[in-house]
Amino acid sequence: MTYFAIRAFFLPALFCLWVQGEFTISNAGAIVVLQLFINYALRWCHYSWTHEAHEEQHRLDMPQAVPDYPTFFPILGPLISILWDHGGFVRSLGMRPARIPTIGMTIYHFQDPQTLKRIFKQSALASAMTAYKFSVKGALGTSRKAYLPYLEDDSGPFLKPHPKSHVLPHNRIDHITTSGFSRGLTGPGLLPTVTRFVTDFTSRLHRLPISEDWTEMDDLAQFCRDVVGSSTIYSLLGPTMLRLNPSFVEDLWKFDSGLESFKLPSFMIPAVRNNREALVGQFKNWYKYARKHFIESQISEDGDGDPIWGSSLIRHRQKSLLQVDGQDDDSLARVDLGLAWASIGNVVPSATCAAFHVFKDPELLARVRKVAETHSGPSSVAQPNISALAADPLLLSVYAEILRLYVKVHAAFSSPHEDVDLGKWMLPKGGIALISSEPAHMNATFWNTKDGKYPVHSFWADRFLVDPSDPTSGPILPEVRVKTSLQIKPTNLQREPYYSTEGCEGSWVPYGGGHSMCPGRFFSKHVMTIMCALLARDFDIEVYSSSIKWSTRRYGIGVQLFKGKLPFRIRRRQVQKSSI
C-alpha cells in the first residue's frame, strides 16, 4: 500500500515540479509531508479494516497476518511514542493485535484473552530465551563471546531438544537454566528456600530496634527493602555472600533504581555502570571464597541449603553454566546478578504495597491478624505454619489483587522453527510476540467491580474470593461468568469463601504465562503472604500517605518505581504473657 502511494503521488509530483522549473526545497518538503500524511491515513484505514474483517475470516478457520500498526514515520515506527509515554502507547493499542516495526526489530503485540490463552498453550512458544537475550545483552552487560550461546540456542527448555535444533547438549543454556529454576524454585528446593526466608525474616523483625512506643520512620518502601529484600537474598545466596559483601543488598537496590538507564550507551551512565561492575566483582570474589571453603557435608538435612553457596540452585548454576561455551566467572556473575535482582525487584515493592493497604484499612488489618494468629500464635517468637499461611484465602486474595493492580510487565514469546497458529492470528517463525499485563489487569469488561463499588483501578482485598452463597462474588464479572459457564453454585462441600483465579487465564498475567511463566512465582507468593501476616501480627504501623505515587520511568519491567517516600510510624504490639 505504501509503495503504491509513493508511485501514485510522490514521484509524479516531484517530476512535474522539475519539468515546470518550480522544484525548490520548500515545494519538495511540502510534498514529502503531504505524502507522509497520505501514507499514515492509508495505514490507519488498512489497520482498521483488517480488524473489522478478521472475525468473518476466522470463522472459516483462517488465521490472519497481524496488521501493521500505523505510524507517521515508517522507519522509526512508534519509537517516539514509546519513548515519550511507554504506558500510554500500550494502553492506546487496547485489545487489538498489532505488528509494530521499529528500528532493529518487529514486535507482534497481542492482548485479547483468547489469543493469550493460545500463546500460553503453545509448546513452540515455551522458551524464555527472548527475555534472557534482552537482559543478558543489555542490563547485565555480558560480553559478545558469552552472549553467543544465548543467541544461538534454539533447542528449547525441555529435556528433549527441538528436532530441528543442532545445539550441542552442553550448550543448551535454555534447558540448563530452566531445569535449575524448576528444581530450585518450583520443585524440591521451594520449601527449604521459603523456610530459610521465614527464619531470617523473623530474626530480622525480632532484632529491629523498635519498642512498644511509636518510632517515626522515613519510608515504608525502604523498610521493606532492608528487611524483606535482605531475607530474600539470604534465602537464595546464603549468609557467606552477605558477610563478604556487607553492602551487597544496598548496591543491588542501586542497580534496581538505575535499571532503565541501560538503554543508554555506557559512557552516558558511568555511575550506574560502575555500580553494576562492582556487583559483578562481589559475585566473583564470593565464587573464589566459596570454592575454597565449601564441602559437601555442609549441605543441610533438607538437601538444599548450605552456609557457603546458599542453595542448590546456586550450586547447580556453578556446575552447569560454566560448561557452556564462552562462559566464565564474569559471565556467570552477570547472570547471577540478574537472578538476584529478579528475586527482589518486583516482590519487595509488591510486598510494600500489600503492607500499605493492609495497615491503611483497620478492618482488613484485623482480619489479617486473625489469620496470622490462627496459623502461628500471637507471639512474635512463635514459628508460623508456612503452608497454612501461603494457602490462606484472604492472604492469597490480597496477594493476587496487589499483583493485578500494580504489576505492569511485558512478556515475550518467540518460535524459532515454525509459524504458530494463534487462532485468529498467525505469528511468523522468529517473530516476537509481546503481551502486556496492564491492559489485561485493567479490563473493565472482565473484572468484577460489584456494580462499580470497587473499580478496576482501585484495591479490593476480596476481589479474588469466591463466596459459594454469593453468585456476584469472585474476580470475574457475573455476566462474563455466565457466558463462560463459570457460574458460582452453592455446594454443601464448600461453604466458606475461597480463593480462585479460575477463568482468569489470559486476564491475570503478572508472571506471563505458559511454559515460560516466571519460575519464582511460588516463592514470591510465599514471601508476600507470610510477610503480610507476620508484620501484622507483630507490629502496629501507621502510614501517613493517603496513596502510593509512581514514577513512569520503567514501564514494562514489573512494579514501577515509587515516586517519593512513604513516611510512617511503627511500634511493637503488646503481647499478652500467659501465666505459668
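Heads up: the sequence shown is residues -21 to -1, 1 to 559, going by mature numbering (1 follows the signal peptide of the UniProt record, and there is no 0). Cβ atoms here follow ideal geometry from the backbone N, Cα and C, with glycine treated the same way.
Three-way DSSP call (helix, strand, coil) for residue i in this model
i, result
"residue 491", "strand"
"residue 327", "helix"
"residue 289", "strand"
"residue 241", "helix"
"residue 23", "Caution applies to residue 23, whose pLDDT of 49 falls short of 50 and renders its modelled position unreliable; the value that the coordinates give is listed next. Three-state DSSP puts residue 23 in a helix."
"residue 547", "strand"
"residue 257", "helix"
"residue 439", "coil"
"residue 303", "coil"
"residue 235", "helix"
"residue 45", "coil"
"residue 400", "strand"
"residue 445", "strand"
"residue 433", "coil"
"residue 552", "coil"
"residue 2", "No answer about residue 2 holds up, because its pLDDT of 49 lies below 50 and its placement is not dependable."
Under 9 Å between C-beta atoms of residue i and residue j
i, j, result
"residue 548", "residue 521", "yes"
"residue 110", "residue 396", "no"
"residue 440", "residue 487", "no"
"residue 223", "residue 319", "no"
"residue 292", "residue 208", "no"
"residue 452", "residue 427", "yes"
"residue 134", "residue 146", "yes"
"residue 530", "residue 541", "yes"
"residue 333", "residue 511", "yes"
"residue 424", "residue 456", "yes"
"residue 155", "residue 369", "no"
"residue 290", "residue 284", "yes"
"residue 163", "residue 417", "no"
"residue 167", "residue 282", "yes"
"residue 414", "residue 300", "no"
"residue 165", "residue 501", "yes"
"residue 482", "residue 460", "yes"
"residue 205", "residue 545", "no"
"residue 379", "residue 478", "yes"
"residue 85", "residue 61", "no"
"residue 365", "residue 174", "yes"
"residue 297", "residue 288", "yes"
Residue interval of the beta strand (DSSP E) (run including residue i)
i, result
"residue 413", "411 to 415"
"residue 404", "404 to 406"
Residue span of the alpha helix (DSSP H) that contains residue i, given as start and end
i, result
"residue 160", "152 to 160"
"residue 127", "123 to 131"
"residue 275", "From DSSP, residue 275 is part of no alpha helix (DSSP H); its letter is neither H nor E."
"residue 350", "341 to 355"
"residue 459", "457 to 462"
Other residues of its chain near residue i: CB distance less than 8 Å, five sequence neighbours each side excluded
i, result
"residue 344", "337, 338, 515"
"residue 190", "550, 551"
"residue 212", "220, 221, 227, 228, 231, 319, 322, 323"
Beta-carbon proximity list for residue i, same chain, < 6 Å, skipping 5 on both sides
i, result
"residue 23", "Any reading at residue 23 must be qualified, since the residue scores a pLDDT of 49, below 50, and its modelled position is unreliable; the value itself is stated next. For residue 23, where only same-chain residues beyond five positions count, the Cβ hits under 6 Å are 49."
"residue 401", "94, 97"
"residue 312", "259, 262, 263"
"residue 330", "203, 207, 507, 510"
"residue 304", "128, 150"
"residue 76", "45, 89, 404"
Same chain only: Cβ atoms within 7 Å of residue i, ignoring 5 sequence neighbours per side
i, result
"residue 235", "320, 324"
"residue 497", "490, 491"
"residue 308", "263, 266"
"residue 240", "248, 251"
"residue 171", "281, 283, 284"
Which residue spans inside the stretch 167 to 230 form an unbroken alpha helix (DSSP H) run of at least 4?
You should have 169 to 186, 199 to 203, 209 to 223.
At 4 residues or longer, and completely inside the stretch 49 to 111: list those alpha helix (DSSP H) runs for me, N to C.
As far as the stretch 49 to 111 is concerned, its whole alpha helix (DSSP H) runs of at least 4 residues are 58 to 63, 65 to 72, 92 to 100.
Residue ranges of each alpha helix (DSSP H) within the stretch 482 to 541, 4 or longer
Counting only runs of at least 4 residues, the stretch 482 to 541 fully encloses the following alpha helix (DSSP H) elements, listed from N- to C-terminal order: 500 to 517.
Could you name each continuous beta strand (DSSP E) segment of 3 residues or more that falls completely within the stretch 360 to 397, going from the start of the chain to the end?
Entirely contained in the stretch 360 to 397, the beta strand (DSSP E) runs reaching 3 residues are, in chain order, 386 to 393.
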